[in-house]
Structures are given as C-alpha cells and as structure tokens.
Amino acid sequence: MTLTKFEAKLNLPFGVPAPEVYDLLLGQRPADDFIISRNRDGAVVSVYGDMKWNVSAWHSEGRLSILNFDFWRAGALTPPRDQISKDARWLIFSLIWLGEECPISITSLQGFLSLIRALALNAENIACSLGELLSDEKRLRAFVDSQGSSPWRGVTKLCSLLSRLVRIGETQLGFTIVGDKFRKVLHVQSIQAKAQDKQTPPIPTKIYSSILSSLMGELDEWERVAPECLKLLQDCGKDSYYGRRGTAQRIRANSSGLVQAKTSPQWPDVASPRVRSYLKRKGVSDSISGLASMVVEVQAVTKLIIQAFSGMRDNEALSLPYDCSYTIATGGRTHCLIQGCTTKLSKGPKAVRWVTNKEGHRAIDLAQQIATTIYAVYGTTAVAKRKARTMINSRPLFVSLAYTSLGAARRRPLAGEHFFPVDLSLCKFDRLLSRLQPIIKDEHLVELEQIDEHRAWRSEEKFQLGRPWSLTTHQFRRSLALYAQRSGLVTLPSLRQQLQHITDEMSRYYSRGSQYAKDIFDDGTADPGHFSLDWQSATVESETISYVINVLLTNDSLFGGHAAFVSQRLRGPDRIVTSSTRAETVRMFKKGQLHYRETLIGGCTRSDECESPAVDWMNLDCISNNCGNMVGNLSRLESVVNEQARLVGTLLPTSLLYRTENANLSVLVRALEKARQGIEVSK
C-alpha cells in the first residue's frame, strides 16, 4: 500500500502543536496556505507560500529560528527567482515531511537550507531549476568545483542531502537525483575533507595560564565597580532620558513629539570617576552606551570562565537558566555543580549536570547580578516557574540587554514571558580578545609539537610566531580534559593551582565507579557528548603525552627498571626517539599495554594493582626493590633527598619521628648513590 499522508518528522518541544498532516493525493506540492508552523497558543505563524518560515516554536529552547528562502543577494523578485525559491521550499518541506530518517533537528534544517541557498544561487546563474541542477552530473560537478577549496568542506553536507533525497524518491520529489556513480565520487571527497579537518588544539600551558589569569583579572576589575555600574544600568534603563547627554535627550524628545526634553541628569552627573575611568581603561566610550557594551563584554567573560572550569559546549553555556548553580555536601565536602540542558547528539533537550569549582560559581553569581538587573529594568523577575515536562528556559542566565530601553528599540519577550540570550560569539569581542590572546612564541610551538609531532603546526597560518593565539571556546574543553585530567602535564605553578581543585572534583565525579558517574552512564539517558566522556577519553591521550615528555623526550638522567627498558628498546642510536618508536608507544597506550602516572621521584608504568603501601608517598618501597615499573628521575630524586635532609635537620635526634625520617633518608641516599653509579656505567 502506497502512503499518501505524511506527518512532519520533528522532535517538538512539549506543548508545541504538531504541524499539519500532508496529503499527497491533494497535489504534488502543498498549497500556499498549507500551515507550516503554529505558536504554542495554536495561532498560525507561517504557511507554505511564505518566503520566510518562522519555526521558532520547533526549537527546543524557543529561540528565534527562521528558514529564509530569499536566496538572491541583490535585486527584486523575478519569475525565475520565484520558481527557484519555490523549489527550495519544496526540498526543505520534503526533508521534514517525506524523509524516512529519524526526526530532523532545527540545526540540521538550517544547515541544509544554507547549502540549498548556495545551490539556488548557482541555478539562477546557469539558468536552470534546482531539480535540473541536482539531477545533472555535469552541472553539479561544476558547482562543487566552483566552491574554491579542494576538497570542498561542504561536500559532506551535499552527500547527506543527496542521500536523503534519493531515499525520498523520484516519484514523490518530482525529479531525479544525480546517479550513484557520481554520489560515490562525492563520498570519497567527503572522506578526504574530513581527513583534512584539524583537531581542536589544546592551549599551550603558558598561554592557557595567561588566558585564565586574564579572565579572572577581568572579573576582579568588574567586581570592584559592579554595584555602581548595575545601579546606573537600572536607572538609565528605566528612564530613557536619565544619564543621556543633552543631544541624546533632545533627539528622544523630538522622536516622542515633545517640544522640549524634560530636565534629567546627564552622564557626567551620574557616573562616578571610578566608573568612567573603568570604561576608558577598557576602550569603550565614556557614556551609557559604553557601559552597555561593557556589560555585554562581562557577560562574555563570565561565560568563558564557566566553560573553562566545566568543559561545557558553547551552546550549552549560552542556554544555561538563571538558577543553574547549586552545591551539594557529601563526605564532608561541598561540591559545586551546574544544572543545564543539552541537545547535542540527543533527541531533544536533556537535563545534564557539570562539575565546576568556586571560580565557576563566582562567574555564575556575577552573571546572575547582571541578569537580575536586566529583568528588573524590564519589570519582571529573574526566576520563572518551570512548566511541567518542558525543558524550555524562559529566563536565561545570559539574557540579552536588548530587553532594556538602552538601545533604539526595546526587544519584547516571546508571548510576553519568554526571554532569549544575548549573542556572545567570540568574534564580536575584538577588544576583549586583544587583552586575552598572548603572542605565540617558539616555546609554545615546541609544546604543541610534543603533543602531536605529526601535525605541521608551524605551517598553519594560525600558529605563526609573533601572532596572537587564536582562541576558540572549544579549546577550553579540549585543554581542560587533557591537562586537568593528568595534572602532571601542567608544569606552571599558577596553572596547576587554578586547575587543582577542579581536577579533584572531576576525578571524584567523572571517574568510572563513582556514584555520580553511575548516575551519568548507567541510567540510559546519558548525553553521549557530555564532557564527562571527554574527560575519561582524555586519559589515554594525557598519559601518552606525559610519558613522551617525561620519559622519551626528557634530557634528564633516568634510572629504574622501566628506564632500562626505555634505553634498550625505545630509544634509537644516540638516545634519539624516532617517529616510529613514538607511534608504537602511542599504540601501546591505546591498547592498554602501557600506562603512566607521575610520582614524586619520576613516574610509574604499572597497570595492575600496586603492592606498595598507600602511605609510601616517597616511593621508598619502589626504590628499595628497584621496581620494574619505576621510571626514576635523578634530578627529582636529588630534590627529594635534599628536602628530606632538611626535614631531618629540624627534628629532635632523640625523637621517634627523627629515627623514622632519618631511616627514610638513608634509603633515599643509598638509592641516589646507586642511581648515579648506574647512570655513569651506562654512559
């Protein structure tokens, strides 16, 4: 039996009316008055014939989402353009209603529409329809070749679109799709394009430390002026004349039909010297508009800090609700958590939690102060009652400043109650980035080459000496997973101090076997892209990098059972570690044949349970027995001996503690002498 009625395949948020059922028998394509979307009250928002479909109700968080079929760059609507735009609407409609795949997301639809708009523009240029372009191998090949890069990165999306349309079929589409042979060629190009995609780089430790310190410094500066700034923001937001200069007050009066503006204090009268000095230091105008710019910039800073100390994605941070932070007390400790939601790799929004530290909660507190002020200016509260069974966040933490009267026109919340977050894309904050991004030095590139020697870092434009580090928010996620998971990779005291607390927290919560991890992984509803999985998957990578840096590539003198293995098996002539040796080492870690963790005297490669006493923090048992898993570092052992000798020198010779620590010192001294002798013999 041939299907004739089709329902829209969408993961709709709770309470959103389902789109109309499409009856294929009524016509090949829907009538222009076919209802595409409704709002939550059931009122029609968009119909098939509209040039723009407002599908905001379909978004899991209710964000403004427009599918725009106006593909041309300039000029008026012509008959050919009208026909091509109708073809574009039909393609998107078919993906939603006729597709056999799982429900399609708004993000995927917008991605497909971006590609279809490019195809539509090409169809107009070569005077053909979209159907003719998609069915003609020669025309489609010319389109792909015209996209510039080879292989074109968008070829993956084109492959996906063609595959979906093929499964819908010529009968329902009304035209054929290019043949299987050419689609296989595109598939090969897609694989090549993916192979060229570079993994997000971790931030070199000194740059990482500098960025985190700068972000915390930005918060420190803001916190000193926040009460005054937010009071100004509220007063100026509630009164469209207050704090504006004379010219601005007159313009507002004229636009309101007033002959003369009411007398209101101007900016120099209401802004303190401390606030004005702060704005000047930050490079914004000394005015209420400059204050507004700084408020948004501080929102961006708090968001970056939250990401840096939690590992959440950009959209996850932006969609945090106002009341997202809380603490729990277990085992005599207080833990800082963040409650939010994600839609990544999941069907619809899903509640998730992240672990953070006091810095993360501090950033949330300051973001809440800004949000509270913005909501107060609008005349509403920051906390709204959650609707049953819905993940819709009507009170975002990073609410847009456009809901105040500081701009030309005040934005209105959707349905009178749903507010949207501000756009905090990093590319919009040139001034902030200029203060955050250190200059790349040779030592930074050397560190990246130690992490991945197979990537030609110095040949990439973003990693040239003398240029600012190109910061992206996803770098925080990668760096946190890599460095904090294995704090031995972090050598700078300032960075180690910044990450130490969150390392303990994440190890406690995100390590398999913990109660919290069980809640994440065993309840069947885990987000497969949650940061906790990145944290755990970074174990192998961080162990490998730590081993390569501290064992294979170090110039320090090593001793112990595993050090002998390294000297005989892994190092080549003249103590050189070859690429093949390093590649083999990486494979051993991935297969679980090799492990590594740093210790006070060097490192340990043991993978099974250690028999050494748990209180043996100086690894005396390992030293005495010359453990085969030990990688002793002579310089570290010398430091331990010196510190132990200093400790013994402070104790009373007749005390039990003296006898215990002095015996430990004797073990260390004998080990040091033996290690020195062994190293001399091996030279």
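Going by this note's numbering, the sequence shown opens with residue 1037, and the numbers climb by one from there. Backbone N, C-alpha and C fix where the C-beta goes; we use that ideal spot for every residue, glycine too.
Excluding the 5 residues preceding and the 5 following residue i in the sequence, name in chain order all residues of the same chain whose CB lies nearer than 7 Å to its CB.
i, result
"VAL1191", "VAL1180, LEU1222, GLN1225, SER1226, ALA1229"
"ASP1641", "The sequence shown places Thr at residue 1641, not Asp. Only HIS1598, LEU1630, HIS1631, TYR1632, ASN1665, VAL1667 meet the Cβ criterion."
"SER1660", "VAL1703"
"ILE1213", "LEU1170, SER1171, LEU1198, LEU1201, VAL1202"
"LEU1100", "SER1092, PHE1456"
"GLN1713", "none"
"VAL1441", "Note that residue 1441 is Ser in the sequence shown, not Val. Answer for SER1441: GLY1273, SER1276, listed in chain order."
Which of helix, strand or coil does DSSP assign to residue i?
i, result
"PHE1042", "strand"
"ASN1665", "coil"
"SER1313", "helix"
"LEU1507", "coil"
"HIS1598", "helix"
"VAL1214", "coil"
"PRO1449", "coil"
"LEU1169", "helix"
"ASP1181", "helix"
"ALA1424", "Any reading at ALA1424 must be qualified, since the residue scores a pLDDT of 43, below 50, and its modelled position is unreliable; the value itself is stated next. In this structure, ALA1424 counts as coil in the three-state DSSP scheme."
"CYS1372", "strand"
"THR1236", "coil"
"VAL1458", "coil"
"GLY1549", "For GLY1549, the pLDDT reaches just 34, beneath the cut-off of 50, and the residue's location in the model is therefore unreliable, although a value from the coordinates is still provided. GLY1549 falls in the coil class under three-state DSSP."
"ARG1280", "coil"
"CYS1640", "strand"
"CYS1138", "coil"
Please classify residue i as buried or exposed, where buried requires at least 16 other C-beta atoms within 10 Å of its C-beta.
i, result
"ALA1619", "exposed"
"PRO1689", "exposed"
"SER1495", "exposed"
"GLN1343", "buried"
"CYS1138", "exposed"
"GLY1502", "exposed"
"THR1338", "buried"
"GLN1302", "buried"
"ASN1586", "buried"
"SER1246", "buried"
"HIS1397", "buried"
"HIS1480", "buried"
Sort the options by Cα distance to residue i and report the nearest one.
i, options, result
"THR1635", "VAL1676, GLY1714, PRO1139, GLU1395", "VAL1676"
"SER1346", "ALA1365, LYS1386, GLY1368, ASN1393", "ASN1393"
"ALA1336", "SER1321, ARG1310, ALA1711, THR1509", "THR1509"
"SER1515", "LEU1266, ALA1067, PRO1238", "PRO1238"
"LYS1755", "MET1330, GLN1713, ALA1517, SER1249", "No answer is possible for residue 1755: it lies beyond the span of the chain, which begins at 1037 and ends at 1719."
"ASP1077", "LEU1269, LEU1450, PHE1148, TYR1439", "LEU1450"
"PHE1036", "SER1582, THR1212, CYS1663, SER1182", "The displayed coordinates of the chain run from 1037 to 1719. Any statement about residue 1036 would go beyond what the structure contains."
"VAL1334", "ASP1256, ARG1280, ARG1349, ALA1307", "ASP1256"
"PRO1504", "PHE1512, SER1470, ARG1491, GLU1485", "SER1470"
"ASP1657", "THR1686, TYR1694, ARG1706", "ARG1706"
"THR1408", "ASP1359, ILE1142, VAL1081, ASN1591", "ASP1359"
"ALA1387", "PRO1432, LEU1356, LEU1061", "LEU1356"
"ALA1248", "GLU1497, TRP1133, GLN1473", "It is worth fixing the name first, because residue 1248 is Leu in this sequence and not Ala. Measuring from the Cα of LEU1248, the nearest candidate turns out to be GLN1473."
"THR1416", "ARG1448, GLN1500, LEU1442", "ARG1448"
I'd like to confirm something about residue i: is its beta-carbon nearer than 7 Å to some heavy atom of the ligand COA, or not?
i, result
"GLY1184", "No copy of the ligand COA appears in this structure; indeed no ligand is present at all."
Start and end of the alpha helix (DSSP H) containing residue i?
i, result
"MET1348", "Per DSSP, MET1348 belongs to no alpha helix (DSSP H) and is neither H nor E."
"LEU1103", "First-last for LEU1103: 1102–1104, but that is the beta strand (DSSP E), not the alpha helix (DSSP H)."
"LEU1516", "It is not in any alpha helix (DSSP H) - LEU1516 carries neither H nor E in the DSSP assignment."
"GLU1634", "Premise fails: GLU1634 lies in the beta strand (DSSP E), 1633–1635, not in any alpha helix (DSSP H)."
"ILE1406", "1394–1414"
"TRP1133", "1115–1133"
"TRP1258", "1241–1274"
"ILE1204", "1191–1204"
"ILE1142", "1142–1161"
"ARG1074", "Note, ARG1074: premise wrong, no alpha helix (DSSP H); beta strand (DSSP E) at 1071–1074."
"SER1082", "Looking at the DSSP string, SER1082 is not in any alpha helix (DSSP H); the run it does join, the beta strand (DSSP E), is 1080–1083."
"GLY1685", "1670–1685"
"TRP1004", "Absent from the model: residue 1004. The displayed extent of the chain is 1037 to 1719, so no value can be given."
Less than 6 Å between C-beta atoms, sequence neighbours within five positions excluded: which residues of the same chain meet that for residue i?
i, result
"ARG1389", "LEU1373, GLN1375"
"HIS1454", "GLY1098, SER1430"
"TYR1314", "VAL1261"
"ASP1106", "MET1087"
How is the beta strand (DSSP E) around residue i delimited, first residue to last?
i, result
"ILE1022", "Residue 1022 is absent from the model: the chain starts at 1037 and stops at 1719."
"ASN1090", "1088–1090"
By Cβ distance, which residues of its chain are closer than 8 Å to residue i, with the 5 residues on each side in sequence left out?
i, result
"LEU1166", "ILE1120, ASP1123, ALA1124, LEU1127, ILE1152, LEU1155, ALA1156, ALA1159"
"LEU1268", "GLY1279, VAL1306, ALA1307, VAL1311, ILE1324, LEU1327"
"LEU1354", "LYS1339, PRO1432, PHE1434, PRO1457, LEU1460"
"ASP1068", "VAL1083, TYR1084, GLY1085"
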